[in-house]
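As given, the protein sequences belong to chains G and W, one line each in that order. Sequential numbering of the first sequence, starting at 1145, is according to the working numbering. Sequential numbering of the second sequence, starting at 6, is according to the working numbering. Think of the CB as a built atom: it goes at the ideal place given N, C-alpha and C, for glycine as much as any other residue. What you are looking at is a predicted structure, and each value in this text was computed from that prediction instead of being measured.
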Amino acid sequence: MILDLKGIYKNYKAGDLDVPVLKNINLQVKEGDYLSIMGPSGSGKSTLMNIIGLLDKPTSGTYLFDGVDISVQNDHSLSDIRNKGIGFVFQNFNLMPRETALANVELPLLYAGIKKKQRREIAAAALEKVGLSDRMKFYPTQLSGGQKQRVAIARAIANSPKIILADEPTGALDSASGDQVMELFSKLNAEGVTIVMITHEKAVADCADKIVVIYDGELMTLGDFEKKTMRRKGGDSNG
Amino acid sequence: MFENIMLSIRGIRSHKMRSALTMLGIIIGIAAIIVIVSIIGGASAELKDQMVGDSTNTVKVSLYSKDDKYSSYAVEEKGPIVGITTIDDDTINQVLDIDGISDATSVYIRLYAMDVAYLANNTSCSGYGVDADYFPFSGLVLTSGRLFTNHDYENHNNVVIITDSLASDLFRNEDPIGKTMQCGNELFTVVGVMTKLVDYSEINSITDYYVSVGFDDKAVYIPATSWNDAAGYDDIQKLVVKIDDPDKIITAATAAADVLNSTLPESTFEYKSGTLSEDADYLKEIMRITSLLLVGIASISLLVGGIGVMNIMLVSVTERTREIGLKKALGARRRVILGQFLTESVVLTSIGGMIGVLIGIGLAKLVGMIVQMPIVISVGAIAISVGFSMGVGIIFGLVPSVKAANLNPIDALRYE
């Protein structure tokens, strides 16, 4: 089990009030899974993403990442787990503007303490995998949106992480580039890479093997979500 | 580390104007310190040369009257002193035992203004009582006659060598060799005429300079052993000590004077080393305080520069909040972020410091040229300056770097 979340709660303080954002989240992701987490904005999906990505800590509940209890880790080891265990793909790419594509992909390898020559080789191989071996020396400003996101994916897979966490990976792309990115994810998943993707687009979510929905801080299956929202819609029309 | 430095340099270059302005405070501060230290260093070195020892690090220990501490006892003005013996080998050996003294020798400075006359012609010129080994180093060459012989020295012969310029004044068209002339109180026979070996219109070395300055156009040279006859008295021996370590000059020379004083009978005289050594100490102390004061003022400029660095680093951290968040998400440890910003700050101030050193050296040389003063560029001062600017980078870069390192990655990633 790569991700094992049990009874995760997350509250944010707003003045004196504790505002619950995540309520009793239970989620398991096995090696090789391809999971989409859908949800409207404000549903708590970014918060869940941050917790899964070890960027935020839950208020209560247990979270095992690859069998390691996250709640007892210090800042130092959390950095190391993020570095070696998780590959982030963001909506807005988050590439370093002053670095070449190759240097961007090298960054997580640098933090992993890998020597320069080896770093070059691994980063070049990752860029080749995403079909950008001819763009290694390009700066982000010289790349299209789709190419930038593919550089970001190369960066995410460079350290051979346990899981790729993608947050609205097609959100800033046109549909053609978006399709390319999704194809890439499917290809990576077919090679055995575990992927958890957050999106609010049904079409994108459909690329995954499994879809869950987060709604009002609660995690549910797509079917339960549809029932719930249908009921409300029905209620609305009746009223 | 190296990559951090390269990264910092790239970062600094991408904000040329901002970085240059930020460095300005450091540049001005360091340049000011270098200029001050160089000028004061030059002045102190010159002072040391002039007042304590010359360039060969020798100090003269002379006899002083206790009621006149400013000039050594002049026999020609005040008459011979009874009871002052010559400096013997035992005393010299004791002096040689003093820490710092590498050589010591007793000398007579037999040089006084002397009235000279031949027939009706008379004038006044410098009179030297010289040893056999004087002429090879005197810058003089014989044009006629001969040098002094051992015989002359042993028998206290009244023989004299004169310069060609004096010869033409006194003897006009006559050949002076073999003629008898009056030197001081006695009659002397001219045995040689000498002239300047080199025309010192061009001065290529310190030695040239001293010979040129010390050169007398009109002079008589008498064997040292005959000096008493001409001058009517002998000079009082002085002790010249050589001290290789400039920092020991004053203490070692004072110790040498003490040894000489222990040989003196109870009297109103005492031996003292270089008259101005104490004054030189005093002047150096004033200079030291002045330089401390000026360096203090320059440090304020460094402080202001440092605050500027801190300010710009805080701006830089805020600007790069997203970048920091991303790096943390990618697994950069807190130390890595801290190191990156600290390196940037130190690189910024170090470059500023180095530019400051270069400008400081340039300015110091310019000032030295304008006011005709020697300057001493001290390697120590340069090292300390660059080190100091690095220190400023660390101290004032710390707060922004810690701020960067402690950023919450989610807040940082979300930052617009």
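(request) Find the residues of chain G that neighbour residue 19 of chain W, judging by a C-beta separation of less than 7 Å, and give them in chain order. (result) By Cβ distance, chain G contributes 1242.
(message) Between residue 1252 of chain G and chain W, is any beta-carbon pair separated by less than 8 Å?
(response) yes
(message) Would you call the segment 1226-1237 of chain G in contact with the segment 333-342 of chain W, where contact means no fewer than 3 C-beta pairs closer than 8 Å?
(response) A contact exists between the segment 1226-1237 of chain G and the segment 333-342 of chain W.
(message) Suppose you measure from the CA of residue 291 of chain W to the CA of residue 45 of chain W; what does that come to, to the nearest Å?
(response) Going from the Cα of residue 291 of chain W to the Cα of residue 45 of chain W covers about 11 Å.
(message) Cβ closer than 7 Å: which chain G residues qualify as neighbours of residue 328 of chain W?
(response) Going along chain G in sequence order, the residues near residue 328 of chain W (Cβ under 7 Å) are 1240.
(message) Just to confirm the assignment, what range does the alpha helix (DSSP H) spanning residue 411 of chain W have?
(response) No alpha helix (DSSP H) holds residue 411 of chain W; DSSP gives it neither H nor E.
(message) Just verifying my parser: in three-state terms, what is the DSSP assignment at residue 1283 of chain G?
(response) coil
(request) Give the DSSP-derived three-state secondary structure of residue 1293 of chain G in the structure shown. (result) helix
(request) For residue 178 of chain W, name the three-state secondary structure that DSSP assigns. (result) coil
(request) Note the first and the last residue of the continuous beta strand (DSSP E) segment covering residue 1311 of chain G. (result) Its beta strand (DSSP E) spans residues 1307-1311.
(request) Have a look at residue 1306 of chain G and residue 1337 of chain G and give me their C-alpha separation to the nearest angstrom. (result) 7 Å
(message) Beta-carbon within less than 7 Å of residue 1152 of chain G's beta-carbon, same chain only, minus the 5 sequence neighbours each way: which residues are those?
(response) 1166, 1169, 1195, 1202, 1205, 1207.
(message) Output needed for residue 1280 of chain G: all residues of its chain with C-beta closer than 6 Å, excluding positions within five of it in sequence on either side, in chain order.
(response) 1245, 1246, 1271
(message) Closest to residue 1239 of chain G by C-alpha separation, out of G/1322, G/1210, G/1291, would be which residue?
(response) G/1291
(request) Please name the residue in W/171, W/165, W/328 whose C-alpha comes closest to that of residue 194 of chain W. (result) Checked all of W/171, W/165, W/328; the closest Cα to residue 194 of chain W is W/165.
(request) Entirely within the segment 108-148 of chain W and at least 3 residues each: give me those beta strand (DSSP E) ranges in chain order. (result) Complete beta strand (DSSP E) runs here, min 3: 116-123, 126-135.
(message) Classify residue 60 of chain W: buried if its beta carbon has 16 or more other beta carbons within 10 angstroms, exposed otherwise.
(response) Low confidence applies here, because residue 60 of chain W scores a pLDDT of 44, under 50, leaving its location unreliable and the question unanswered by this model.
(message) Tell me the rounded alpha-carbon separation between residue 1288 of chain G and residue 1275 of chain G.
(response) 13 Å
(message) Under 8 Å, Cβ to Cβ, is there at least one residue of chain G near residue 5 of chain W?
(response) Chain W is shown only over 6 to 421; residue 5 of chain W falls outside these bounds and no answer can be derived.
(message) I'd like to know whether the C-beta of residue 406 of chain W is nearer than 8 Å to at least one C-beta of chain G.
(response) no
(request) Report the rounded CA-to-CA distance for residue 109 of chain W versus residue 90 of chain W, giving the unit in angstroms. (result) 17 Å
(message) My output table needs one value for residue 249 of chain W: the three-state DSSP class, helix, strand or coil.
(response) coil
(request) Could you check the C-alpha separation between residue 94 of chain W and residue 376 of chain W for me, to the nearest Å? (result) Taking the straight line joining both Cα atoms gives about 47 Å.
(message) Just to confirm my understanding: we take residue 1250 of chain G, look at its own chain, exclude 5 residues before and 5 after, and list those with CB closer than 6 Å. What are they?
(response) 1263, 1267
(request) Alpha carbon to alpha carbon, how far is residue 397 of chain W from residue 1243 of chain G? Give it in angstroms, no decimals. (result) 29 Å
(request) Could you give the DSSP three-state label for residue 1172 of chain G: helix, strand or coil? (result) strand
(message) Run through chain W and tell me which residues come within less than 8 Å of residue 1255 of chain G, C-beta to C-beta.
(response) 332, 335, 336, 337, 338, 341
(request) Using a Cβ cut-off of 8 Å (strictly closer), state whether residue 1210 of chain G contacts chain W. (result) no
(request) Return the chain-ordered list of same chain residues with a C-beta closer than 8 Å to the C-beta of residue 72 of chain W, the five sequence neighbours on each side being excluded. (result) 273
(message) Suppose contacts are defined by Cβ-Cβ distances below 8 Å. Is residue 201 of chain W in contact with residue 130 of chain W by that definition?
(response) no
(request) Ignoring anything shorter than 3 residues or poking outside the segment 1324-1374 of chain G, list the beta strand (DSSP E) runs there in chain order. (result) Here the runs fully enclosed are 1338-1343, 1354-1359, 1362-1365.
(message) Tell me the residue span of the beta strand (DSSP E) that contains residue 186 of chain W.
(response) 185-188
(request) Give the straight-line distance between the Cα atoms of residue 422 of chain W and residue 276 of chain W, rounded to the nearest whole angstrom. (result) Because chain W here runs from 6 to 421, residue 422 of chain W falls outside it and cannot be looked at.
(message) Cβ closer than 8 Å: which chain W residues qualify as neighbours of residue 1197 of chain G?
(response) 334
(request) Output yes or no for whether 8 Å exceeds the beta carbon distance between residue 414 of chain W and residue 346 of chain W. (result) no
(message) Please classify residue 371 of chain W as buried or exposed, where buried requires at least 16 neighbouring CB atoms within 10 angstroms.
(response) exposed
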